[in-house]
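Chains as they are written, first to last, in the numbering used here: chain H, 8 to 337; chain L, 16 to 796. By construction, the Cβ of each residue, glycine as well, lies at the ideal position given by its N, Cα and C atoms. What you are looking at is a predicted structure, and each value in this text was computed from that prediction instead of being measured. All remarks here apply to the structure that follows.
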């Protein structure tokens, strides 16, 4: 008995333990032999020895079971150990791509205005003179047309120079009230360090009954929007001129590079121009047949926002698909 | 529009206001300051007088001067040709440091001592005015020997560059800006009468003796005056200011007239006398030209009002007299006529058009009087008495303004008094003034003011937008989800998925190189619909595919040392008829993954299978069929249409080897999808079987050239309903098999009603094999 207890304790693996178990409990095992001896015993001795044997049997069972748990745990441990790797050899790199910073900025802008219950409206890139200019209070002879160098087609169509024609199309299609933005690509014949022939704009338009919409409302939403995009910045409104709004203003934020102290980016002024806006000119409403309405409109260049937010120095790099830039937005 | 502080000071008293405050105010009233520059003439540069000027004994080009600089006389060697006795000149004394860290020290020039330097304008930080040294005169103030030049504010000026908007022709003069500032600072602007006090004309000879005018009905107002032509040179003040405003210098009379125009805003042209001369008199004829524009004629057309002037008509030395014309024409009328005329022929314009088409000062007498004042002040030119004039009455426009409307538009109460005060300062007059209603006469020079909303702008400008309290807009809520919103969401969804499987989003111009498009085999926009004025030759048409742009970006990235390039773009493309559509194109070039331990530093290049798996991670399951389109971009044997629910969404292909070699690219795959066709809708759940699934393979020998799609087609037609799905799992070809190949297809078998027994599955598989045998000539391997 002691000998077997020792054997169990010294078993090295599950196989050996199983052999020991069979040697103890098997048909030809030691217990079977002992139980067989019972037959030869007297009736008085029988219960006593049988009881003893049963206790031994239970004892062996316990010991083996305990040892098995132990060995199983050890085997699992060894199996796990076999899987061991040097995790520091691995570092997943460049498996995810990235959204383009301009498109990503556009998404953020759209999401802001959608959350403010503006609708998204879109329109064609190839436009006609009426929607791009005439209806926006820019008659053919207007000197302000010089501001927008236009791509023309042989059939007198043109590439839209701003997303404002979408406002005209939306007003022609729907009755007021209107609460919309028009995001998209626009085109001007200009190509140098700070101009590309294509860029992206978002314009907004709100039209309601006459006397309902005020410049104060315009200031409210634009200030909130600029804080959403740029965080805690100072905002300055400067009167300006756009043919399709009156009064018009340009909106500056305090320079996010120098906190308004003056640096190269803000041309030492401490301010960065980011938006144009104003109250819709009555001539525009007249062009689309709206009567007794008032409204505001605003427009911004998405590339400019993206460059400021992400501190991208070169406008043209936004159209080059250069992974050295794009990978940084991973 | 460049202004200077001292020039402004002539029209409005700003001596108590700092330049910083002026700049801030200009910005806040909508006159955006683009640049500010302070001239900083170095100290120890003083007024000197050339007492003697002798030739240098040892150098032809040098002079030796004795210069009185106040308390002493210095000997200075000077190299300028124009130096002469009795001139007042700026002298840099020993110890002065000129721009460019140029220190003035005592020197010996070819053996002659020199103590200082006589300076040119550029040497002391002023614009270039003439060749040689700068000669001083009293137009800049009283000349005192030894006085620091930097104390003359007309020279040591401050320069402000204003970026004027196209509607503000009235601010194209110093006087115009002064008027704006007068309203902003509530101080008065000087009148022309304050400046031109003496209006006695020196010469009593009347204009009629020398000049006659003949004219038809005119659109414009014109005023003519005649002057005797003498050898005249503009004083330093005028020269230096024309230098500050970067005006290209013309002849002296033209410069003087331009200076007057720049000061008060009235258009002044100068003409020579001889060009109009007829025997003993001169005749100017004003009539309509071929474009129905007012033009000045002798026998031929000499100038067009508001537009241009022939060179030959400008004053020259030979003219005994010169003529000054003040003109005004309604800017809108001018712009319209010019637009119509320029449609027929190209028309040259000069500086006058820029000013006239934006609206010049209609007060012709103001301009002429100011010019005469300058002539009297700075020359001995004689002025003929009287003028010839053609004056067109300008209708004075009035606007009715309701104060409640104004307040509502601005969003806060504006007071009656405040508005009236602003408008009057700006040159408007109040015709009628009631509690809430005003009738306002528009200032004749304000061409941009037409309606009540324009008046609101004037109020906003001078109240200051920053003083308007922001207020949220109250509105009725409305569901604004539309097609564009759904497109935005779909686009975002696809882009995000593309990014998550490793693609980088990119943007290209919508322009393309027509030749390149044709070379690749793309259709191009029809000639008669193409761009007239492309920006460059390689962006000369609209793109009909996103691929050329993406390929170019891949090529550039390879040049930059990148080895695995994954790009995509969602953008507009055009068809031959210039119809717009949206394409979603992805490109994968080079290594499949970064080199690492797992690939032993030798990553494989992208292959068809890996590429389409990426595509399916973005757009979901799809099927492929052989694509029969052929062009120079597509590998003819690795190209496929992408189908979803029977609709072709686009194609996927390997870049043609020829093209790949030409561009020096690694293996490249491209997928072009029609954005609109990619399904984007809510999914509906179907009932699914809860019984056991069995997987069974069939390996068959079939003809080598049979594509799997054919087998799929045949099986699909006859598929038992228990076969939920089947797909190829192995393909094997060898010489031993000859013109056959071995194909293993795995079938997923599951009933909706029960767990199938082995026998039942066996029957199904047997039937499937039968189909393949009879219809595909297959045999069991």
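Contact check for residue 524(L) against residue 603(L) fails: the beta carbons are separated by 9 Å or more. When rounded, the separation of the alpha-carbon atoms in residue 99(H) and residue 113(H) is 29 Å. In chain order, 662 and 664 place their CB closer than 7 Å to the CB of residue 692(L), counting only its own chain and leaving out the 5 sequence neighbours on each side.
Under a 10 Å Cβ-count criterion, residue 496(L) is classified as exposed, with fewer than 16 other Cβ atoms of the shown protein chains found around its own Cβ.
Exposed is the label assigned to residue 449(L), since fewer than 16 other Cβ atoms lie within 10 Å of its Cβ.
Put simply, the region 725-745 of chain L touches the region 761-770 of chain L. At least three CB pairs are less than 8 Å apart. Using a Cβ-Cβ cut-off of 8 Å, residue 522(L) is close to 107, 109, 110, 325, 326 and 328 of chain H, given in chain order.
Going by DSSP, residue 284(H) is part of the beta strand (DSSP E) stretching over 278-287. The C-beta separation of residue 141(H) from residue 171(H) comes to about 12 Å, leaving the pair out of contact by the 8 Å criterion. Any Cβ of chain L closer than 9 Å to the Cβ of residue 235(H) would place that residue at the interface, and such an atom is absent.
Counting along the chain, residue 585(L) sits inside no alpha helix (DSSP H); it lies in the beta strand (DSSP E) bounded by residues 579-589. The beta carbon of residue 366(L) lies closer than 8 Å to those of 273 in the same chain, with the five residues before and after it left out. Residue 187(L) is not a Cβ neighbour of residue 196(L), given a cutoff of 9 Å.
Shown here, residue 151(L) sits in coil according to DSSP, grouped into three states, outside any helix or strand. Taken through DSSP and simplified to helix, strand or coil, residue 243(L) comes out as strand. In terms of CA proximity to residue 294(H), 136(H) leads the group 136(H), 276(H), 285(H) and 324(H). The continuous stretches of alpha helix (DSSP H) do not include residue 8(H), and DSSP gives it neither H nor E.
In the three-state scheme derived from DSSP, where H, G and I count as helix and E and B as strand, residue 766(L) is classed as coil. When the alpha-carbon of residue 562(L) is set against those of 775(L), 130(L) and 581(L), the nearest one is in 581(L). Counting only Cβ-Cβ distances below 7 Å, residue 514(L) has contacts in chain H at 103, 104, 105 and 106, in chain order. Residue 503(L) reaches chain H at 117 and 127, counting residues in chain order whose Cβ is nearer than 7 Å.
In the assembly as shown, residue 43(H) is an exposed residue. Its beta-carbon has fewer than 16 other beta-carbons within 10 Å. Nearest neighbour of residue 359(L) by Cα position, chosen from 306(L), 40(L) and 794(L), turns out to be 306(L). For residue 243(H), at least one C-beta of chain L is nearer than 9 Å to its own C-beta. Taking a 10 Å sphere around the C-beta of residue 84(H), we find fewer than 16 other C-beta atoms and assign the residue as exposed. DSSP places residue 597(L) within a strand segment (E or B) once states are collapsed to three. When secondary structure is reduced to three states using DSSP, residue 563(L) falls in the helix class.
Less than 9 Å divides the Cβ of residue 267(L) from the Cβ of residue 247(L).
Take the alpha-carbon of residue 328(H) and the one of residue 531(L): they are about 19 Å apart. Each of 600(L), 617(L), 334(L) and 154(L) was checked against the Cα of residue 607(L), and the nearest Cα belongs to 617(L).
Contact annotation: in the region 202-232 of chain H, residues whose CB is within less than 9 Å of a CB in chain L are 203, 204, 205, 207, 213, 215, 217, 218, 219, 220, 221, 222, 223, 224, 225, 226, 227, 228, 229, 230 and 231.
Put simply, the CB of residue 136(H) is far from chain L, with every gap to its CB atoms at 9 Å or more. Counted as a single uninterrupted DSSP element, the alpha helix (DSSP H) harbouring residue 121(H) occupies residues 108-122. Distance from the CA of residue 715(L) to the CA of residue 516(L), rounded to the nearest whole angstrom, comes to 36 Å. For residue 53(L), the nearest beta carbon of chain H is not closer than 9 Å to its own beta carbon. For residue 278(L), the enclosing alpha helix (DSSP H) covers residues 267-279.
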